Amino acid sequence: MSLARIVDWLDERLGIRRDIERALRRTVPAHALGAPYCLGGIAFLAFVVEVLTGIALARYYQPNAAMAYESVRLISYQVPLGSLVRGLHYWAGNVMIAAVLLHMLRVYLAGAYRRPRELNWVVGVLLLLATLTFGFSGYALRWDAATYGATSIVVLAPASLPLGGEWLMRVFLGDVVITGETLTRLYFLHVFLLPAVATLLMLLHFLIVRRQGITGGM
Ligand code: HEM
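For the sequence shown, the positions run 1 to 218 when this note's numbering is used.
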């Protein structure tokens, strides 16, 4: 079934064609045409690449302590195009982190965190946290000696928080030391919880941008 027929079908029931056309014809305000204004969109595109390549990787990755490392090697060396898909997932993740940080800097320099955009700034901070947690939890899934060390540092760090640190550490670990249970929890975080939360936050972020428009200036 072609996309046009799906849109026709939905239009007959929901009357969406006019909304889509209006959205596609919207013009970007002249002050927001420069490259710095593309950074949020680049972060979003990188997220889409992450989702698509992540679905392909999940087909072969085995989230258990005995097989995780071997399954990553299998993806890299034996699965057709596995190394390419894994590389794309790795680099799009890095691009996303860099784009989000630069986007945040652009927003800060434009003063777009001020009233009435404080709420969207807070949504942005949550998106930044989600993006960084994506990176950390994904790195842990490799389950080799280097990631074991990095995971220990990141997972044990919350233990020094004065309130609830011990509890947070146990939520990540599933135990008092890193075990197979830690891998299962980080996998759930990386593949189910974070994508769902990040998608909802992005929807909210875009709806607010749509409603408020882009700040002039930088
Ligand atoms: C996955 C992460 C993120 C994505 C996909 C994203 C995407 C976007 C997009 C597409 C826009 C409109 C165009 C633009 O200004 O670039 C925007 C605007 C905005 N973003 Fe983000 N963003 C993310 C993270 C953040 C972060 C970390 C912050 C700040 C802490 C933030 C705060 C804002 C604000 C305040 C605006 C309105 C800017 C204005 O009115 O000029 N965003 N975002």
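Quick reminder that beta carbons are idealized off the backbone N, C-alpha and C, glycines included. Remember, predicted model here, so these are calculated numbers, not experimental data.
- The three-state reading of DSSP puts residue 80 in coil, since its state is none of H, G, I, E or B.
- Relative to the ligand HEM, residue 64 has its C-beta separated by 8 Å or more from all heavy atoms.
- Your pair residue 215 and residue 124 does not check out as a contact, with CB atoms roughly 13 Å apart and the cut at 8 Å.
- Around the beta carbon of residue 86, 16 or more other beta carbons lie within 10 angstroms, which makes this residue buried.
- Your pair residue 131 and residue 104 does not check out as a contact, with CB atoms roughly 10 Å apart and the cut at 8 Å.
- Using a Cβ-Cβ distance cut-off of 8 Å, the segment 194-208 and the segment 44-54 are in contact, since at least three pairs of beta carbons, one from each stretch, lie closer than that value.
- Residue 187 and residue 156 do not touch by the CB rule: their CB atoms are close to 19 Å apart, not below 8 Å.
- One Cα belongs to residue 145, the other to residue 73, and the distance between them is close to 14 Å.
- Excluding residues up to 5 positions away in sequence, 137 lie with their Cβ nearer than 6 Å to the Cβ of residue 189 in the same chain.
- Residue environment: residue 107 is assigned as buried (16 or more neighbouring CB atoms within 10 Å of its CB, all protein chains considered).
- At a Cβ-Cβ threshold of 9 Å, residue 183 and residue 143 count as neighbours.
- In the three-state reduction of the DSSP assignment, residue 2 falls in the coil class, being assigned neither a helical nor a strand state.
- Counting of Cβ neighbours within 10 angstroms places residue 14 among the exposed residues, the total staying below 16.
- The closest CA to that of residue 99, considering only 38, 169 and 12, is found on 38.
- In this structure, residue 208 and residue 119 form a Cβ contact; the two beta carbons are roughly 7 Å apart against a cut-off of 8 Å.
- 9 Å or more divides the Cβ of residue 166 from the Cβ of residue 174.
- DSSP places residue 55 in the helix class (H, G or I) of the three-state scheme.
- Within the segment 61-124, complete alpha helix (DSSP H) segments of at least 4 residues are found at 68-77 and 82-109, given in chain order.
- Taking non-hydrogen atoms of the ligand HEM into account, the C-beta of residue 188 is found less than 8 Å away from none of them.
- DSSP, reduced to helix, strand and coil, places residue 215 outside both helices and strands of the structure shown, so it counts as coil.
- By the criterion of a C-beta distance shorter than 6 Å, residue 92 is surrounded in its chain by 46, 49 and 50, once the five residues flanking it on both sides are discounted.
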